[in-house]
Amino acid sequence: MTIGFVIGESKPTLISAQTSRPLSVGEYVIVDSSDGKLLGLVERSIISSAALDDVHNYDEALESKEIAEINIRDKSYTTKIGILGYLEQLQKGTSIVPAIPPLPGTPILEATKEDLGVIFNPNQPEWTKVGSLLRNPKIDCKINLNKIISRHLAILAMTGMGKSNLVSLLAKQIGSLDGTLIIFDYHNDYFDLNIPKNNLIDAKINPRLLDANTLADVLEIRENADIQQRILRLAFTPEVKESKEFWSALDEQVALVGANPERKEDRHSADRVRDKIDDARHRFADILDPDVMDPISLIKEGRVNILNIAELSEKQANVALAYYLQELLNDKKISTLAKNPKSKTKRKHRFTSPIFVMIEEAHVFIPKGEETHAKYWASKIAREGRKFGLGIGIVSQRPRSIDSNVLSQMGSLAIMKIVQEDDQHQISSAAESISKDLISQLTSLNVGDAILIGQWVNLPSIVHIEEVKEKVIGSDQNAIGEWSIKNKLENVIKESTQSLIQKDLLLD
Ligand SMILES: Nc1ncnc2c1ncn2[C@@H]1O[C@H](COP(=O)(O)OP(=O)(O)O)[C@@H](O)[C@H]1O
Ligand SMILES: [Mg+2]
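Just so we're aligned, residue 71 is where the sequence shown starts under the numbering used here, counting upward by one.
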């Protein structure tokens, strides 16, 4: 169906059009040029009225409004359309922009399912549905799951815009394909995700397996507490690491180091270290477990593993994440080597198929301008993971605070509403394929709307992501509802105790 015509000055990648109805920014249209159909994306949409154009007072406005209503030629719908390339080539996966701009007078057509389906809704098994095109809602939008495992993913948006919903949706899809996903759940967002293949586990740290500096982090010994750090280093001997009663052995050894008659001043610091050991041991008994020999064994292949790190302090979460990432990368390396028939490696490995790891609050673990253990391993996976079938997904509401190197390694992006300019700037420098026009769309997106760019889509796609219903509790709390339930319950309790008291009185 013809909805308009090219007008004015045309360029090979940008045209203007007059249309019979206002077009929405983000809508895909067809430019029916004489040497083949072109796919266009509406970048700007302007509505104007001739009668109401030059109005100076209220009465004039009232009069002009009436004239405008009678005159069907009064309104004009002007559209700027970016040309993405020849439709036929785009359907084959390449983008070729016309050498000669579309002639003025070229018809603009509504895009049909046949036009867009091949590009946004391919049929191959690695493509999985995430929603529909925001402005062409009849067209389903899929993403290529293979690409996020081989080339990583970033999900970036302000709080409450649908990041965790998209993670849940990907979890659901990966689960249905018997894939292996690990979500590091820092805010207990996924414990209620009710999908068939999930495996809820608490992250564990085995203190025996750490080095002295990392153990100091876990025990929350400050970095500038030099004497405490030294005492812990001296006390954390191989014998202590191997002793049956790890905590008491460590405590005794710290006391012994602190009792050195030549360094009387150490005594006080040693006592502080002993307090911290005692404290951590009791406060984090569930997490710091010297008897869990292999924390990785909790992760199950072919499942959506939700690894709870919510009870950990930031430093401990960092240590746990670093440990898991390191072990996963090593395991995947060994399993890849083992697949090579010439390889002589006898080392055991756990996982035989690809794994995808999601890190929520990525700005905490992969911060800009600061070296952390987790960041070291995350960037190593970002660089090398592809060779071993280990993909990484980073999720954050503060893209400006994420390490730019790691962010630029993410081959695919989902970006939802972002208002902060620093954040937009960081995204545009990390992802070359995102145009200024797309970036300017970011402020006008609603909850669940996203721009998908990079290798997991054939073309930058503006979509509405499906809402995942398998969550028992939404992340937005219903305070009013809960208060009213609490009130009702209290009233019921009050009433029933009163009636009990009255009964008691009667019985007396
Ligand atoms: N695609 C969507 N469609 C409809 N509602 C959504 C969608 N994504 C998220 N929401 C709503 O917004 C709320 C916040 O989403 P969430 O994914 O937790 O945001 P974030 O992780 O970015 O803070 C959810 O509780 C849900 O009700
Ligand atoms: Mg979230």
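The beta carbon of each residue, even a glycine, is placed where N, CA and C say it ideally should be.
Helix, strand or coil at residue i according to DSSP, with G and I counted as helix
i	result
R114	strand
Q159	helix
K438	coil
A180	Checking the sequence, you will find Glu at residue 180 rather than Ala. Reduced to three states, the DSSP call for E180 is strand.
W197	strand
I170	coil
H534	strand
N214	strand
G78	coil
L515	coil
K402	helix
V188	helix
V125	coil
A520	strand
L93	coil
G41	Since the first and last residues shown for the chain are 71 and 578, residue 41 lies out of range.
S474	helix
F421	coil
K107	strand
D144	coil
V527	coil
T567	helix
V489	coil
G481	coil
K414	coil
G152	strand
L239	helix
I87	Here the sequence assigns Ala to residue 87, which means Ile is not the residue at that position. It is a strand residue.
S499	helix
S202	strand
S119	strand
A224	strand
K541	strand
Contact test: residue i Cβ vs ligand 2 heavy atom, cutoff 7 Å
i	result
D356	no
S234	yes
D492	no
D259	yes
Any non-hydrogen atom of ligand 1 within 7 Å of residue i CB
i	result
G551	no
A241	no
I535	yes
V517	yes
G463	no
M428	no
G230	yes
A224	no
A227	yes
Beta carbon proximity, residue i to chain C, threshold 8 Å
i	result
E560	No chain C is part of this structure, which consists of one protein chain only.
Mind listing, in chain order, the continuous beta strand (DSSP E) runs of no fewer than 3 residues lying wholly within the region 244-319?
250-255 and 268-272
Entirely within the region 322-398 and at least 3 residues each: give me those beta strand (DSSP E) ranges in chain order.
374-378
Contact between the region 561-569 and the region 230-245: three or more CB pairs below 8 Å?
no
The region 361-377 in contact with the region 246-257 per 3-pair CB rule at 8 Å:
Yes, the region 361-377 is in contact with the region 246-257.
Is there contact between the region 72-86 and the region 176-183, where contact requires at least three CB pairs shorter than 8 Å?
yes
Can you find at least 3 beta carbon pairs, one from the region 509-521 and one from the region 473-488, that sit closer than 8 Å?
yes
Segment contact, 8 Å Cβ cut-off, at least three pairs: the region 273-290 with the region 346-354
Yes, the region 273-290 touches the region 346-354.
Does the region 112-122 come close enough to the region 148-158 that 3 or more CB-CB pairs lie under 8 Å?
At 8 Å Cβ cutoff, the stretches touch.
So, does the region 399-413 touch the region 294-303, judging by three or more C-beta pairs under 8 Å?
Output reads no: the region 294-303 does not touch the region 399-413.
If you pair each beta-carbon of the region 186-200 with each one of the region 451-471, do three or more pairs fall below 8 Å?
With a cut-off of 8 Å, the region 451-471 and the region 186-200 do not count as touching, because too few Cβ pairs lie within range.
For the region 383-399 and the region 268-279, state whether three or more C-beta atom pairs, one from each stretch, are separated by less than 8 Å.
yes
Quick check: the region 477-484 against the region 213-229, are there 3 or more CB pairs under 8 Å?
yes
State whether the region 307-326 contacts the region 251-271, with contact taken as three or more CB pairs (one from each stretch) at a distance under 8 Å.
no
Is there contact between the region 126-137 and the region 500-508, where contact requires at least three CB pairs shorter than 8 Å?
no
Do the region 193-204 and the region 394-404 make contact, defined as three or more Cβ pairs closer than 8 Å?
no
Contact between the region 190-200 and the region 523-536: three or more CB pairs below 8 Å?
The region 190-200, when compared against the region 523-536, does touch it at the 8 Å Cβ threshold.
Three-pair Cβ contact test at 8 Å for the region 470-479 versus the region 437-457
yes
Run through the region 445-473 for me and flag every whole beta strand (DSSP E) of 3 or more residues, listed as ranges in chain order.
460-466
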